[in-house]
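Peer 1:
Residue numbers (our numbering), protein chains in the order written: chain W, 1 to 202; chain E, 1 to 202.
Structure below.
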């Protein structure tokens, strides 16, 4: 039989996280307060503070409690297709409510709160980086990537432009953007010697 | 002769912006208030509100009033060197106080405040994008870039990984990182046909 005290505590945690998400969507993260979350969840504010030492850490747990639909790479043997699949899922997540705006607020908070920044990396960014790295390492071993490609940069290169669009230019994240990015990142900016030769011979 | 009323107004604006920067560095942006800035500048809070409708827009003006040392591309004829020069200047700016932490707070604020996001793009990001585009367009015309390289992606590709490191992983921004990025972005992730042939023949 489950420990009923632990179950009640888990249920209460779930209620508080759902209340935080509801309120963040209603009033915006800037106006979210622990007091208001506690009132919405029907608990005392000390119940919230016992679990989360700051509004930012509560919000982090709330956002990361949402289903991301899975951002793990498959290995179909075609690295470009497998990378594209995950990037398309990522833009569908980042570019739309509820996840997109909530995640944007979370990253905003991480700029002022080092604890939120550290927890976001440990719980969300690092697992994705490791998964991407594993997929690309296998592709490299199969000769599908440039033999000197710097794998440690891979996640920065693939996701940096997405984050740039999400956080800086705030232009829409589309499947077309992903297709263009993948084409450019795989091909590289320099002329290919074979292309140059082909162009020269025309 | 200069209009002395306009000069006094400019001086007052400068005093307020300096007060905002001093306070942001002392107490952090999260605790910055218009009241405190007004008190530090020795003016009434309505004097501040007459010029800036929000704390975020005041902070934007304050950060953008700092000298960035110039982020325009030279055209020495070597596109890789010219791009590297600007990226190195950018990481020196973004990776160190005072600019780095202040800019990070500004981007954080842009996540919650659409007016700040729009002004940041119009006044800081768009001019840099245009300058980068002009340099790369000239390189493309001279055959130093892949003939099918998607110029509209160039700024996202070059700066996205920097912003990713600054805002997400918060790992140090170094010259070595720039060198590795430039190498990877110019070469591309796919094997080069000539390399593949060379590897195959060994």
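Even for Gly, the Cβ is constructed at its ideal location relative to N, Cα and C.
Can you tell me which of the three DSSP states residue 189 of chain W falls into?
Peer 2: In the three-state reduction of the DSSP assignment, residue 189 of chain W falls in the coil class.
Peer 1: So is residue 142 of chain W buried or exposed if we call it buried at 16+ other beta carbons inside 10 Å?
Peer 2: By the neighbour-count rule (16 or more Cβ atoms within 10 Å), residue 142 of chain W is not buried but exposed.
Peer 1: For residue 79 of chain E, count the other beta carbons within 10 Å of its own beta carbon; 16 or more makes it buried, fewer makes it exposed. Which is it?
Peer 2: buried
Peer 1: So for residue 43 of chain W, helix, strand or coil by DSSP?
Peer 2: Coil, per DSSP.
Peer 1: Closer than 7 Å to a non-hydrogen atom of the ligand FMN - does that hold for the CB of residue 108 of chain E?
Peer 2: With respect to small molecules bound, the structure shown includes none, and the ligand FMN cannot be examined in it.
Peer 1: Against chain W, with Cβ distances strictly below 8 Å, would residue 59 of chain E count as a contact?
Peer 2: Closer than 8 Å: no.
Peer 1: Who are the near neighbours of residue 82 of chain W in its chain, counting only those whose CB is closer than 7 Å to its CB and skipping five residues on each side?
Peer 2: 73, 74, 75, 76 and 135
Peer 1: DSSP three-state call for residue 183 of chain E: helix, strand or coil?
Peer 2: Note: residue 183 of chain E maps to helix in three-state DSSP.
Peer 1: Show which residues of chain W have a CB atom less than 8 Å away from the CB atom of residue 134 of chain E.
Peer 2: Here the premise fails: no neighbours, minimum Cβ distance about 16 Å.
Peer 1: Less than 8 Å between the C-beta atoms of residue 84 of chain W and residue 178 of chain W, yes or no?
Peer 2: yes
Peer 1: Starting from residue 85 of chain W, trace the alpha helix (DSSP H) both ways and give me its first and last residue.
Peer 2: 79-94
Peer 1: Are residue 55 of chain W and residue 32 of chain W close, meaning C-beta to C-beta below 8 Å?
Peer 2: For the 8 Å CB-CB criterion, residue 55 of chain W and residue 32 of chain W form a contact.
Peer 1: Tell me, please, whether the CB atom of residue 20 of chain E is closer than 8 Å to any CB atom in chain W?
Peer 2: no
Peer 1: Hey, out of E/146, E/92, E/185 and E/107, whose CA is closest to residue 175 of chain E's CA?
Peer 2: E/92
Peer 1: Would you report the Cα separation of residue 96 of chain E and residue 172 of chain E, rounded to the nearest angstrom?
Peer 2: 9 Å
Peer 1: Over the uninterrupted alpha helix (DSSP H) stretch that includes residue 151 of chain W, give me the two end residues.
Peer 2: It is not in any alpha helix (DSSP H) - residue 151 of chain W carries neither H nor E in the DSSP assignment.
Peer 1: Under 8 Å between C-beta atoms, does residue 4 of chain E make it to chain W?
Peer 2: Not one chain W Cβ lies under 8 Å of residue 4 of chain E.
Peer 1: Which complete alpha helix (DSSP H) runs does the stretch 105-150 of chain W hold, if anything under 4 residues is left out?
Peer 2: 114-120 and 126-141
Peer 1: Determine the direct distance from the alpha carbon of residue 102 of chain E to that of residue 25 of chain E, and round the result to whole angstroms.
Peer 2: 8 Å
Peer 1: From this set, E/131, E/170 and E/138, which residue's C-alpha is nearest residue 155 of chain E's C-alpha?
Peer 2: E/131
Peer 1: Taking residue 90 of chain W as the query, report the chain E residues whose CB atoms sit under 7 Å from its CB, ordered along the chain.
Peer 2: Under a criterion of Cβ atoms nearer than 7 Å, no residue of chain E is adjacent to residue 90 of chain W; the nearest Cβ is some 13 Å distant.
Peer 1: Checking 8 Å against the spacing of the C-beta atoms, do residue 104 of chain W and residue 167 of chain W come in under that value?
Peer 2: yes
Peer 1: Should residue 116 of chain W be flagged as near chain E, meaning a C-beta pair shorter than 8 Å?
Peer 2: no
Peer 1: Using the rule of at least 16 other Cβ atoms within 10 Å of the residue's Cβ for burial, across every protein chain shown, is residue 116 of chain W buried or exposed?
Peer 2: buried
Peer 1: With DSSP run on the structure shown, which of helix, strand or coil describes residue 171 of chain W?
Peer 2: coil
Peer 1: Determine, for residue 159 of chain W, whether the minimum Cβ-Cβ distance to residues of chain E falls below 8 Å.
Peer 2: yes
Peer 1: Let me see if you follow: with CB-CB separation under 8 Å, is residue 10 of chain W close to chain E or not?
Peer 2: For residue 10 of chain W, the nearest beta carbon of chain E is not closer than 8 Å to its own beta carbon.
Peer 1: For residue 6 of chain E, does the count of other Cβ atoms within 10 angstroms reach 16, so buried, or fall short, so exposed?
Peer 2: The residue is exposed, with fewer than 16 neighbouring Cβ atoms inside 10 Å.
Peer 1: How would you list, in chain order, the residues of chain W whose beta-carbon sits under 8 Å from the beta-carbon of residue 7 of chain E?
Peer 2: Under the 8 Å cutoff, chain W gives no residues; its nearest Cβ is about 35 Å from residue 7 of chain E.
Peer 1: Mind listing which residues of the stretch 25-47 of chain E have their C-beta closer than 8 Å to chain W's C-betas, in chain order?
Peer 2: 28, 29 and 30
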